[in-house]
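*Asks:*
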Amino acid sequence: MTDTPSSKASDRFETPHYLARFRQRARQQNGSVDSAASAVDDADAAPLYLKQFRARSHDSSDGAAEETLPLWQRSGLAVQQALTEDNRNKEISAPVEAIERQVVSDVYLIRHGETQGYSTDSGLTPQGAWQAHTYGHTLSRRVKSGEPIVFRNADTSRARETAEQIHRGLLDGLAQYEKDITIVEPAVADEFRNFGFAAPDGIKDVTAAFREYHALLEGFERSAQGDRPLWLVEMDRFWRTQQGGGDPIHHWLTIPLLHFEPPAMTVRRFWVGITRLSAEFPGARLAVATHSGCIRAFAVSALGYDPGEPYNTEHVRVKLFARNGESACSDALVAYRNRVQEVKVPAIEQLPAWSVNDDWAGLEGASL
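Residue numbers for the sequence shown follow this note's numbering, so the first one is 1 and each next one is one higher.
1) Please look up how many angstroms separate the CB atoms of Asn153 and Val288, rounded, as I've assumed it's under 8 Å.
2) List the whole-angstrom C-beta distance separating Arg296 from Ile249, where the pair is believed to meet the contact cut-off of C-beta under 8 Å.
3) What separation, rounded to the nearest whole angstrom, lies between the Cα atoms of Tyr170 and Asp121?
4) Buried or exposed: which applies to Phe22, given that a residue is buried once 16 or more other Cβ atoms fall within 10 Å of its Cβ?
5) Who are the near neighbours of Gly196 in its chain, counting only those whose CB is closer than 6 Å to its CB and skipping five residues on each side?
6) Taking the CB atoms as reference points, tell me whether Phe151 and Pro200 lie closer together than 8 Å.
7) For a test of the three-state rule: what should DSSP assign to Ala289, helix, strand or coil?
8) Bridge partners of Phe260, per DSSP?
9) Run through DSSP, which three-state label would Gln116 get?
10) Between the region 314-323 and the region 113-128, can you find at least three pairs of beta-carbon atoms closer than 8 Å?
11) Using only CA atoms, which one of Leu216, Ile183, Arg111 lies nearest to Asn312?
12) In this structure, what does DSSP give as the bridge partners for Val202?
13) Helix, strand or coil: which one does DSSP assign to Ser157?
14) Taking the alpha-carbon positions, what's the His17 to Ala55 distance?
15) Would you mind sorting Val340 into buried or exposed? The rule is 16 or more other CB atoms within 10 Å of its CB.
16) Considering only the beta carbon of each residue, do Lys180 and Ser140 sit closer than 8 Å?
17) Could you say if the region 100-107 and the region 267-282 meet the contact criterion of at least three C-beta pairs nearer than 8 Å?
18) So for Val334, helix, strand or coil by DSSP?
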């Protein structure tokens, strides 16, 4: 008969290693072991995190004595602590003039949802309608009960359908979250139209001019006779940039085009629309469905660099402020893609009205 094997013995009679090391350090501190070599060996055997902890503790104890020293004579952690303390108030405290301002309007410049293309004034795809509806539902979580919301849009089908779908999504979200707010239903605001193109039969939306451009260009290519007019050349370069996988809006922003509305003018009329709606609906949240080119030009004007093309239903946010005792908006914050820039709201009536004859309307006798 064989004996069943017993379980492995787990009795330990020696001191655990961590306890032995602790006792060794205690003896060294009490002077019972006066050996420099032993102390060096103990320091070398300590884990890295423990060495760093001891070094920080040593620096902090030394920093207390260094508090009376000038900053340039301090070292290590004491310098960090001194700099942090010196900058603390500047980091977390806003200027007094910023605290005293009141928010007049909160504006969202929203790009339309996904569309089938830009060769015609087509509406949104099912994906684009879902994007806009989701945006409205998300907006319903941000608003507070009693807050007014105003919807405006450009005069194209894709911008109008975007505003309508955002409006529907907002209503669904308000019913879900049981909020009661004042809503001004979507309407066209001409200041937020897409940038224009000077075609032979008048100024029109760059998308609306595509059909005329395409039909005329096909005739020139088929006959191969005569020079193409300049407006056709510029439109051809714009659309071929997109067809080649490039960025036609960057082309419009950076290259002077004689038949396209200048980016500066789109920024100007956007400010006209923002200030008009702000005066008409003070204290309201304004949701404006418009086009990416103008939104991007507005962001470039405020931020000082090109932050890139906004995605479908992505927005640039503009907060208008007025100082206490003033009704007019003086300052604004423009936010886009985690960048916030404070700007002055331009006084439109004081801006020069350019003309080809260098006749600057409204500036007679003014010093420039």
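Backbone N, C-alpha and C fix where the C-beta goes; we use that ideal spot for every residue, glycine too.
What you are looking at is a predicted structure, and each value in this text was computed from that prediction instead of being measured.
*Replies:* Straight from the coordinates:
1) Confirmed, Cβ separation roughly 7 Å.
2) About 6 Å; that satisfies the 8 Å criterion.
3) The sequence shown places Leu at residue 170, not Tyr. In this structure, the straight-line span from the alpha carbon of Leu170 to that of Asp121 is close to 25 Å.
4) It is exposed - the Cβ of Phe22 has fewer than 16 other Cβ atoms within 10 Å.
5) Counting only Cβ-Cβ distances below 6 Å, and skipping sequence neighbours, we find Ile203, Glu261.
6) For Phe151 and Pro200, no; Cβs fall outside 8 Å.
7) Three-state result, Ala289: strand.
8) Paired residues: Phe197.
9) Coil.
10) Judged by Cβ distances under 8 Å, the region 113-128 makes no contact with the region 314-323, as fewer than three pairs qualify.
11) Measuring from the Cα of Asn312, the nearest candidate turns out to be Arg111.
12) In the sequence under discussion, the amino acid at residue 202 is Gly, which differs from the Val named in the question. Within the DSSP bridge table, the entry for Gly202 names Ala199 as partners.
13) Under the three-state reduction of DSSP, Ser157 is assigned to helix.
14) Here the alpha carbons of Ala55 and His17 stand approximately 23 Å from one another.
15) Val340 should be labelled exposed.
16) The question names Lys, but residue 180 in the sequence shown is Asp. In this structure, the beta-carbon distance from Asp180 to Ser140 does not fall below 8 Å.
17) The answer is yes - the region 267-282 touches the region 100-107, with three or more Cβ pairs under 8 Å.
18) Of the three classes helix, strand and coil, the one that applies to Val334 here is strand, per DSSP.
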